[in-house]
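Residue numbers (UniProt numbering): 1 to 684. Cβ atoms here follow ideal geometry from the backbone N, Cα and C, with glycine treated the same way. A short worksheet on the structure shown next.
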Amino acid sequence: MAKYWLRVALDVPLAGLFDYYHEEPVAIGTRVLVSFGVRQLIGMVIQTPEQPEYNAEQVKAIRMVLDDVSPMPRDWLALAQFAAQYYHRPLGEVVIPVLPSPLRRPAAYTGKLSKGGPVARLRARQKKSSTPPKRAKAIAAPELTAEQAAALEQIHIDQGARRYLLFGVTGSGKTETYMRVALQVLAQGKQVLFMVPEINLTPQFEHMLRGRLVDEHNQPYRIAVMHSGLAAGKRLENWLQVYEGDANVLLGTRLALFTPMPNLGLIIVDEEHDHSYKQQEGLRYSARDLALWRGQQQQIPVVLGSATPSLESWHHAQQGHYQLLTLSQRAKSVPLPAIELVDTRRAQLEQGYSPQLITALEKTLEAGQQALIFLNRRGYAPVLHCGSCGWLSQCPHCSAYAVLHKGYKHYMQCHHCGGQSPVAKHCPDCGYVDLTPLGKGTQRVEEYLAQRFPQARVLRIDADSTRRKGSAEALFAQVHAGEVDILVGTQMVSKGHDFSRLALVGVLNADTMLFAQDFRAPERLFSQLMQVAGRAGRHQTGARVLVQTDYPEHVVYQALVQQDYPLFAEHQLQQRQQVGLPPFVYLALITAESKQLDQAMAFLRHAKQWAQHPELPGMEHVFVYDAVPLRIMRVANIERAQLLIESPNRLALHAFIRAWAPQLDELAKYYRCKFVLEIDPQDI
């Protein structure tokens with residue numbers, strides 16, 4: 001019997017590939033069902049060597065070749081291999097989790113209901129319900145502004161791997177610029193990958209794409225959507241449409257980056273600065289950074305767009321690595337809203353609202369226009385407090401406070417571990433019954449506004465009010481339909497939405513981010529405030545933005561009032577260069593978790609000792625900081641600590657980690673803790 005040796009990537013926390021064989025040749029990129037210990041797993045063939053790496057007599061045969069999908073293409077495998085190498089993860093943790101779940105679940109092929117596999121079942125369902133997709137109503141193309149036309153002239157779709165940073169103020173027509181470039185690429189028969197940072201932005205972008213992307217015969221281009229909120233069957237259907245070339249455009253969040261596209265011609269990354277493009281579990285990749293690598297690999301243009309670019313991207317543009325395209329004026333000849341700072345140190349506040357904000361709300365409602373109150377904290381109150389003994393509602397499982405939520409029934413919830421508990425009827429320490437909610441969440445803001453303005457229709461949009469599938473889309477539809485007078489929201493409402501009647505934005509408690517430990521906090525705050533301010537006055541003049549603050553002289557607020565991102569970026573980049581922070585250095589972070597903080601700290605201290613070994617490559621260019629507990633040290637009864645690694649040389653940093661990190665697995669076992677290595681961490 002002939003044996004064809006296979007090296008297979010599996011989604012297990014072990015480095016390297018695994019040897020199997022089959023009686024017939026199997027192409028690289030093919031999925032196979034294998035036995036791994038007592039489990040059955042789906043893996044992917046990565047190599048077909050002449051001989052196995054291990055004892056041939058001990059190598060098992062694969063159980064099944066899964067050929068219902070053609071083998072993954074070589075360029076896709078190269079992307080996965082780069083991601084595995086750059087983020088220092090086993091290849092199997094890349095190639096398997098990014099597939100639609102039916103393609104990586106053994107039960108989908110071996111269970112009682114498998115019926116030939118998930119693709120065969122999908123095809124059968126499609127035959128039974130072969131209704132053509134509804135065509136969206138055509139959206140007329142607006143006339144280009146001079147700045148948009150100039151930007152389009154500079155974007156070359158046939159000159160290889162060009163990188164563009166489209167820096168445009170909110171409402172300047174970045175989306176229309178994307179559309180025009182996409183139409184040029186689609187007319188050449190190529191595919192377009194359009195990325196957005198959050199799921200709740202996909203419905204409006206899908207509507208726009210379906211209405212605008214039509215060919216010269218007025219036939220719509222086929223559009224597929226990809227994000228984690230899709231049902232497994234729908235995600236598989238859309239994935240196949242793109243992979244098989246039946247869909248021309250893929251609109252999606254970060255996971256869309258790993259969808260194989262046989263004829264990719266353009267990548268657009270909207271809101272490129274957004275933190276959501278960084279995966280925070282499993283393979284901790286940056287979809288924006290991998291999009292740039294994929295553009296280089298495919299020799300195609302990548303357009304990054306933002307009103308507040310990441311400082312890394314802005315620095316690259318200033319250095320000439322990206323071509324900077326600027327849209328400085330709003331597309332509809334409507335001026336940017338006036339941004340005003342309200343010094344709350346001198347104001348007589350009513351339930352946390354300044355007289356200026358209350359008066360502005362009254363005038364906005366009288367004029368029949370909409371207002372938005374922005375507070376990036378959901379729930380009713382951040383903490384319950386006992387006025388007698390000082391007790392605070394600490395989460396029993398985390399070093400964080402449990403937040404009071406109101407609704408159909410009141411409850412306390414920790415926003416870190418998710419644990420819920422009933423609201424205490426009296427202080428558990430002293431028995432005092434008059435417990436007081438401290439601070440404000442969106443629920444409390446909504447309650448106050450409904451009482452203060454009883455004639456107004458108040459609507460809250462946050463993670464709590466949009467838990468059910470389709471609820472976010474329905475709530476935003478109410479706002480767009482004019483059925484809401486005052487919208488209360490978190491960052492969910494701050495970006496990408498075009499509210500035609502919004503004339504006032506009020507910002508509460510912005511200062512909470514101003515002095516956070518994370519060095520990126522000022523950048524995120526400025527971006528967040530510019531984005532939410534940009535929701536106002538997109539279709540009418542006279543819009544206002546009121547920001548309540550105790551620190552009106554801070555550079556974040558001064559640059560905000562001037563709506564001068566370059567001023568803010570220059571100040572921040574100077575500070576970062578002086579103290580040695582990204583983008584002038586490169587970082588890696590090891591986070592250790594254990595039931596005992598001492599064990600996690602001991603593991604990290606020992607790891608740092610190993611890092612001093614003189615023979616480690618690149619160590620002369622690497623600095624390892626001392627181990628420290630995380631700011632929120634305990635989550636779900638697990639203690640956490642971290643170790644930061646820094647280098648001005650990216651190649652040296654990766655060479656060092658490549659030699660050092662694999663040794664830490666045994667050390668972690670000794671100290672009975674787990675650890676995660678993150679490259680280019682966003683939260684420190």
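Next on the checklist: If I measure Cβ to Cβ from I645 and keep anything under 8 Å in the same chain, skipping five residues before and after, which residues do I get?
Outcome noted: On the sequence shown, position 645 is the one that residue 645 refers to. Excluding sequence neighbours, I645 sits near L587, A588, L589, I590, A611, V622, F623, V624, Y625, L653, F656 and I657.
Checklist entry - How many whole angstroms separate the CB atoms of V334 and T541, which I take to be in contact at a CB cut-off of 8 Å? => result In the sequence shown, residue 334 corresponds to position 334, counting from 1. In the sequence shown, residue 541 corresponds to position 541, counting from 1. Confirmed, Cβ separation roughly 6 Å.
Checklist entry - For V242, which option in K278, G379 and L193 has the closest C-alpha, if you only look at C-alpha atoms? => result On the sequence shown, residue 242 is found 242 positions in, with the first residue counted as 1. Residue L193 is the option with its Cα nearest to V242.
Next on the checklist: Quick check for students: name the residue ranges of the alpha helix (DSSP H) that lie wholly in the region 519-554, counting only runs of 4 or more.
Outcome noted: 521-533
Item to check | Every unbroken alpha helix (DSSP H) inside the region 127-211 [4 residues or more] | outcome: 146-154 and 174-187
Checklist entry - Can you name, in chain order, every residue of its own chain whose Cβ lies under 7 Å from the Cβ of A80, other than the five neighbours on each side? => result The residue you call residue 80 lines up with position 80 of the sequence shown. Cβ within range, chain order: L91, V94 and V95.
Checklist entry - Pick from F167, L166, Q531 and I157: whose alpha carbon is nearest that of Q188? => result The residue given as residue 188 occupies position 188 in the sequence shown. Of the listed residues, the one whose Cα sits closest to Q188 is I157.
Next on the checklist: Taking its Cβ as the centre, do 16 or more other Cβ atoms sit within 10 Å of residue 687, making it buried, or is it exposed?
Outcome noted: An answer regarding residue 687 cannot be provided, because it is not within the stretch 1 to 684 covered by the chain.
Item to check | In DSSP terms, what W5 is bridged to | outcome: Numbered from its first residue, the sequence shown carries residue 5 at position 5. Answer by DSSP bridge pairing, in chain order: Y21.
Item to check | Of the listed residues S70, Y20, L66 and D67, nearest to Q58 (C-alpha basis) | outcome: Stepping through the sequence shown from its first residue, residue 58 is reached at position 58. Closest by alpha carbon: Y20.
Checklist entry - Start and end of the alpha helix (DSSP H) containing Y109? => result As a first step, residue 109 is located in the sequence shown; it is residue number 109 there, counting from the start. That run of the alpha helix (DSSP H) goes A107 to T110.
Checklist entry - If you draw a straight line from the C-alpha of R457 to the C-alpha of A371, how long is it? => result Start at 1 with the first residue of the sequence shown, and residue 457 comes out as number 457. Start at 1 with the first residue of the sequence shown, and residue 371 comes out as number 371. About 11 Å.
Next on the checklist: Which residue marks the beginning of the alpha helix (DSSP H) containing R444, and which one marks its end?
Outcome noted: Residue 444 sits at position 444 when you count from the first residue of the sequence shown. Taken as a continuous stretch (DSSP letters only), the alpha helix (DSSP H) holding R444 covers T442 to R452.
Item to check | Range covered by the beta strand (DSSP E) that runs through H315 | outcome: The count along the sequence shown starts at 1 and reaches residue 315 at position 315. No beta strand (DSSP E) contains H315, which is instead part of the alpha helix (DSSP H) from L311 to Q318.
Checklist entry - If you draw a straight line from the C-alpha of D680 to the C-alpha of S306, how long is it? => result Taking the sequence shown and counting its residues from 1, one reaches residue 680 at position 680. Taking the sequence shown and counting its residues from 1, one reaches residue 306 at position 306. Distance between the alpha carbons of D680 and S306: 20 Å.
Item to check | Sequence-distant residues of the same chain with beta carbon closer than 7 Å to S354, five excluded per side | outcome: Residue numbering aside, residue 354 sits at position 354 when the sequence shown is read from its first letter. Within the same chain, S354 has close Cβ partners V342, T344, A347 and Q548.
Checklist entry - Which residues does DSSP pair with A371 in a beta bridge? => result Start at 1 with the first residue of the sequence shown, and residue 371 comes out as number 371. Note: A371 sits in a beta bridge opposite I486 and L504.
Checklist entry - Could you give the uninterrupted runs of the beta strand (DSSP E) lying entirely in the region 36-114, keeping only those of 3 residues or more? => result 39-47 and 64-66
Item to check | 4 or more residues per run - each alpha helix (DSSP H) lying fully within the region 323-386 | outcome: 355-366
Checklist entry - Where does D564 land, buried or exposed, given buried means 16+ other C-beta within 10 angstroms? => result To locate residue 564, count along the sequence shown from 1; it is residue 564. So D564 counts as exposed.
Item to check | Straight-line gap, F374 to L546 (C-alpha atoms, nearest Å) | outcome: One-based indexing of the sequence shown puts residue 374 at position 374. One-based indexing of the sequence shown puts residue 546 at position 546. Using only the alpha carbons, I get a separation of about 10 Å.
Next on the checklist: Just to check my reading of the structure: P522 and G439 have Cβ atoms closer than 8 Å, yes? What is that Cβ distance to the nearest angstrom?
Outcome noted: Your numbering for residue 522 matches position 522 in the sequence shown. Your numbering for residue 439 matches position 439 in the sequence shown. The Cβ separation is near 22 Å, so there is no contact.
Checklist entry - Rounded to a whole number of angstroms, what is the C-alpha to C-alpha distance between A602 and M226? => result As a working mapping, residue 602 is identified with position 602 in the sequence shown. As a working mapping, residue 226 is identified with position 226 in the sequence shown. Between A602 and M226, the C-alpha separation is close to 42 Å.
Checklist entry - Which whole-angstrom value is the C-beta distance of L630 and L604, which I expect to be below 8 Å? => result One-based indexing of the sequence shown puts residue 630 at position 630. One-based indexing of the sequence shown puts residue 604 at position 604. Incorrect: roughly 11 Å between the Cβ atoms, too far for contact.
Checklist entry - Which value, in whole angstroms, describes the spacing of the CA atoms of R7 and M44? => result Stepping through the sequence shown from its first residue, residue 7 is reached at position 7. Stepping through the sequence shown from its first residue, residue 44 is reached at position 44. Taking the straight line from one Cα to the other gives about 8 Å.
Checklist entry - Where does P118 fall in DSSP's three states? => result Residue mapping note: residue 118 aligns to position 118 of the sequence shown, counting from 1. Residue state, collapsed to three classes: helix.
Checklist entry - Can you tell which of D498, A78, M261 and D550 has its C-alpha closest to the C-alpha of M513? => result Here residue 513 corresponds to residue number 513 of the sequence shown, with the count starting at 1. For the residues D498, A78, M261 and D550, the minimum Cα distance to M513 belongs to D550.
Next on the checklist: Applying the 10 Å Cβ sphere with the 16-neighbour rule, what's the burial state of M492?
Outcome noted: The count along the sequence shown starts at 1 and reaches residue 492 at position 492. The residue is buried, with at least 16 neighbouring Cβ atoms inside 10 Å.
Checklist entry - Taking G407 as the reference, which of S465, E570 and P396 has the closest Cα? => result Counting from 1 along the sequence shown, the entry for residue 407 is found at position 407. If we check each option's Cα against that of G407, S465 comes out closest.
Next on the checklist: Quick check: what's the CA-CA separation for L14 versus P648?
Outcome noted: Taking the sequence shown and counting its residues from 1, one reaches residue 14 at position 14. Taking the sequence shown and counting its residues from 1, one reaches residue 648 at position 648. Cα to Cα, L14 sits roughly 30 Å from P648.
Next on the checklist: Just verifying my parser: in three-state terms, what is the DSSP assignment at I638?
Outcome noted: Working through the sequence shown from its first residue, we reach residue 638 at position 638. Strand.
Item to check | Boundaries (first-last residue) of the alpha helix (DSSP H) holding Y243 | outcome: Locating residue 243 in the sequence shown gives position 243, where the first residue counts as 1. Start and end: A232 to Y243.
Checklist entry - Closest to A331 by CA distance: which of T364, G482, G265 and G168 is it? => result In the sequence shown, residue 331 corresponds to position 331, counting from 1. Comparing Cα-Cα distances from A331 to each of T364, G482, G265 and G168, the minimum goes to G168.
Item to check | Which listed residue (F18, A569, Y87 and V302) has its alpha carbon closest to that of Y54 | outcome: Counting from 1 along the sequence shown, the entry for residue 54 is found at position 54. Taking only the C-alpha atoms, the option nearest Y54 is F18.
Checklist entry - For Y586, which of helix, strand or coil comes out of DSSP? => result Counting from one through the sequence shown, the residue named residue 586 turns up at place 586. Y586 falls in the strand class under three-state DSSP.
Next on the checklist: To the nearest angstrom, how far is the alpha carbon of Q51 from that of V26?
Outcome noted: Position 51 of the sequence shown, counting from 1, holds the residue named residue 51. Position 26 of the sequence shown, counting from 1, holds the residue named residue 26. Answer to the nearest angstrom: the Cα atoms are 15 Å apart.
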